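Heads up: the protein sequence lines correspond to chains A and B, in order. Numbering follows my numbering, in which position 169 of the first sequence is assigned residue number 174; successive positions increment by one, without gaps. Numbering follows my numbering, in which position 194 of the second sequence is assigned residue number 1451; successive positions increment by one, without gaps. Here a beta-carbon is modelled for each residue, glycine too, at the ideal position from N, C-alpha and C. Computed from a predicted model, the values in this text were never measured in an experiment.
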Amino acid sequence: MNWYGLYTLFAKEVWRFVKVGVQTILTPVITVLLYLLVFGSVLEEHVQVYPGISYIAFLVPGLIMMSLIQNAFSNSSSSLFQSKMTGSIVFMLLPPLSSGEFYLAFVGASIVRGLLVGLGVWVAALFFVTLPLYSVSILLIFALLGSGVLGALGVIASVWADKWDHISAFQNFAILPLTFLSGVFYRIENLPEFWEQLSYYNPFFYMIDGFRYGFFGVSEVDISISLMIVSVFFVAVSLICLWLLHIGYKIRN
Amino acid sequence: MQAAVKISQLHKQFGNLTALSEVDFEIPKGSFFGLLGPNGAGKSTLINIIAGLVRASSGSVSVMGYDVVRNWRQARQCLGVVPQELVVDPFFTVSEMLRLQAGYFGCKSSAWIEELLEILNLSDKANTNLQELSGGMKRRVLIAQALVHKPDVVVLDEPTAGVDVELRQVLWKFIKQLHENGHTIVLTTHYLEEAEALCEKLAIIDNGKLVALDTKAALLARASDRFLCISLNNSDISNLPSLIKAKVESFIDDQLVLRLHKTQDEIGSILEGLLAANIRFSDLHIKEASLEDVFLSLTGKEKA
């Protein structure tokens, strides 16, 4: 195992997004605050969620998780794809770094960015609402798994993509709909029967629901089921990611 | 003696295209080795397979005794590659990039990086963003990046492509110095005079096949012809004897160049023939065949 090489690649990926922190951390936090402002003020009186929990309080964990996973995806996908396009990926392919080390560095850095953006949203949201904290460990587990899944999906997307359009398509036609239809803004039991049933097939729903449980101690499905589904999804996406890196799909040929 | 790079029955297929076919040769340890071939001959594919950037369809490659597939970590640790394209990571400065590159190879010492910056005249650019460098400076950084982990074998893919004469001389000097320090140098270049001036041993690849592998001296000796260059007193060669006329390579501005077979043509008889035809000359010299002539005859290409 090339531990120092792994550490360096991870540090480089973190360093890269910190260098453009306004774009990678501050902007997503501001964007999510705008969601909070608009949706929170418009829907506060109209949407019923859990008894004793205001709509704005319900909304914040969903927005934190949404920003966390979207930024985890953006981090690995944009960094790796840019390296692929400029050719600078060669500097990471020539050294003795295994596909596992490559995966850990990219997904690890994506998790760090996801957590920083999520934390930023949480801190900023404190100006609007103070959230209870039911279980820090549940929060952390779902935050890590969620950003891990999206970090790995970002690697898959960038390995597969041949042009920026492909990355954009992956983000806009897969990540964005799955995020918006995952119960960030509503309880899925309030949806019509068909959409409610469909939502149970959306793995992002379990990430949001489990994460929200960490704050309130209530969820739409049993927390252990959410944890199991998100874990299986994480393992499956990671295995696909590792396999693509191992065979050098579109990067070593 | 252990080979620095051992290539055994290497074959690479891209769909219907055979990029490399049964390529088999060794690059001796400590040698200055030239890898030549026309565009699309398969040189870059071969280098990419050695570097682990492309996987071979069959056959094997080892670097310093380490198979690039089975013992890829050790093989890559022994290898430094200077890519042909001027590739940079726009997020970092020269110094940051070199530290990162060293880190990927597990190297923590910054003393060697400082030395590299000094040797390659990059010290005053250490804190400059890579994107802001000139082409020549980027080339130097690429060389420094390939050397951060002190590899035994250094592969330079067209290192002087597109650089000015001054920088080319600097790079030649630096590469020679690397060789003197014990590194095995593998150079691919389009400038055949560069290969002739620097390399001890050469491989010529054409259409994915190895067409020649020899020392520079032996390759040059393969040339069957040499050139007799004559400065004539006037430009009238109408009465040139037909036997000599058949040997004319060029005739420009009173300069007559005859292509003579090394063993079959006698210079004395040629000169006698010229004098007999009343063709006078003021100067003459012999030009031996260059590596370019050998290269062109082996690859069947026409001289430009």
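Inset, instruction - With 8 Å as the threshold, decide whether the Cβ of M233 of chain A is near any Cβ in chain B. - result: no
Inset, instruction - Would you list the residues sitting across from K1263 of chain B in a DSSP beta bridge? - result: B:E1283, B:S1319
Legend entry - Proximity below 8 Å, CB of V235 of chain A to CB of L150 of chain A: yes
Inset, instruction - Report the neighbours of K17 of chain A on chain B: residues whose CB is nearer than 7 Å to its CB, in chain order. - result: L1357
Inset, instruction - For the alpha helix (DSSP H) containing F185 of chain A, list its first residue and its last residue. - result: 181 to 185
Legend entry - CA nearest to the CA of E1549 of chain B, picked from B:N1386, B:L1459, B:I1494: B:L1459
Inset, instruction - Pull up the distance between the alpha-carbon of G45 of chain A and that of Y206 of chain A, whole angstroms please. - result: 27 Å
Inset, instruction - Reducing DSSP to helix, strand and coil, say where A62 of chain A ends up. - result: helix
Inset, instruction - On a CA-only basis, which of A:M90, A:M212, A:G57 is nearest I74 of chain A? Give me that one, please. - result: A:M212
Inset, instruction - Tell me Q1512 of chain B's beta-bridge partners as DSSP assigns them. - result: B:S1488, B:I1509
Legend entry - Of the listed residues B:G1465, B:L1477, B:N1296, B:R1516, nearest to Q1266 of chain B (C-alpha basis): B:G1465
Inset, instruction - Measure from the alpha carbon of S187 of chain A to the alpha carbon of each residue in A:V52, A:F209, A:F107, A:L203, then state which is nearest. - result: A:F209
Inset, instruction - Check whether the segment 1530 to 1538 of chain B touches the segment 1484 to 1504 of chain B, counting contact only when three or more Cβ pairs, one atom from each stretch, lie closer than 8 Å. - result: yes
Inset, instruction - Indicate whether at least one CB of chain A lies closer than 8 Å to the CB of A1480 of chain B. - result: no
Inset, instruction - Using the Cα positions of K1502 of chain B and T1556 of chain B, report the straight-line distance between them to the nearest angstrom. - result: 27 Å
Inset, instruction - Run down chain A in chain order and give the residues with a C-beta less than 7 Å from the C-beta of Q1402 of chain B. - result: F96
Inset, instruction - Starting from A1308 of chain B, find everything on chain A with Cβ-Cβ shorter than 7 Å and list it in chain order. - result: L99
Inset, instruction - At 4 residues or longer, and completely inside the segment 1385 to 1409 of chain B: list those alpha helix (DSSP H) runs for me, N to C. - result: 1392 to 1404
Legend entry - Distance, Y191 of chain A Cα to F199 of chain A Cα: 15 Å
Legend entry - Any chain A beta carbon closer than 8 Å to D1346 of chain B: yes
Legend entry - Reference G1392 of chain B, options B:E1353, B:D1414, B:G1419, closest by Cα: B:G1419
Legend entry - Test item: CB-CB of I1461 of chain B and L1293 of chain B under 8 Å: yes
Inset, instruction - Would you list the residues sitting across from G1309 of chain B in a DSSP beta bridge? - result: DSSP, once it has assigned bridges, lists no residue as partnering G1309 of chain B.
Inset, instruction - Identify each residue in the segment 1526 to 1537 of chain B for which the Cβ-Cβ distance to at least one residue of chain A is less than 9 Å, and report them in chain order. - result: none
Inset, instruction - Give the residues of chain A in contact with E1342 of chain B, contact being defined as C-beta atoms less than 8 Å apart. - result: G92
Legend entry - Collapsed DSSP secondary structure at A1561 of chain B in the structure displayed: Legend: pLDDT at A1561 of chain B = 45, less than 50; position of this residue unreliable, value from coordinates given subsequently. DSSP places A1561 of chain B in coil when its eight states are reduced to three.
Inset, instruction - Could you pull out every residue in the same chain whose Cβ sits closer than 7 Å to the Cβ of E1415 of chain B, ignoring the five residues on either side in sequence? - result: Q1341, T1445, T1446, H1447
Legend entry - Proximity of A1332 of chain B and S1317 of chain B at Cβ, strictly below 8 Å: no
Legend entry - Where D227 of chain A sits in the DSSP three-state scheme: coil
Inset, instruction - For the alpha helix (DSSP H) containing E1453 of chain B, list its first residue and its last residue. - result: 1449 to 1455
Inset, instruction - Identify every residue that forms a DSSP beta bridge with G253 of chain A. - result: Looking at the DSSP assignment, G253 of chain A forms no beta bridge with any residue, so it has no partner.
Inset, instruction - Compare the C-beta of F1290 of chain B with all C-beta atoms of chain A and state if any pair is closer than 8 Å. - result: no
Legend entry - Under the three-state DSSP convention, the category L145 of chain A falls into: helix
Legend entry - Proximity below 8 Å, CB of A1313 of chain B to CB of K1269 of chain B: yes
Legend entry - Q1388 of chain B: contacting residues in chain A (beta-carbon distance under 7 Å): Simply none; closest approach about 10 Å.
Inset, instruction - Grab the span of the beta strand (DSSP E) containing F1290 of chain B for me, first residue to last. - result: 1289 to 1293
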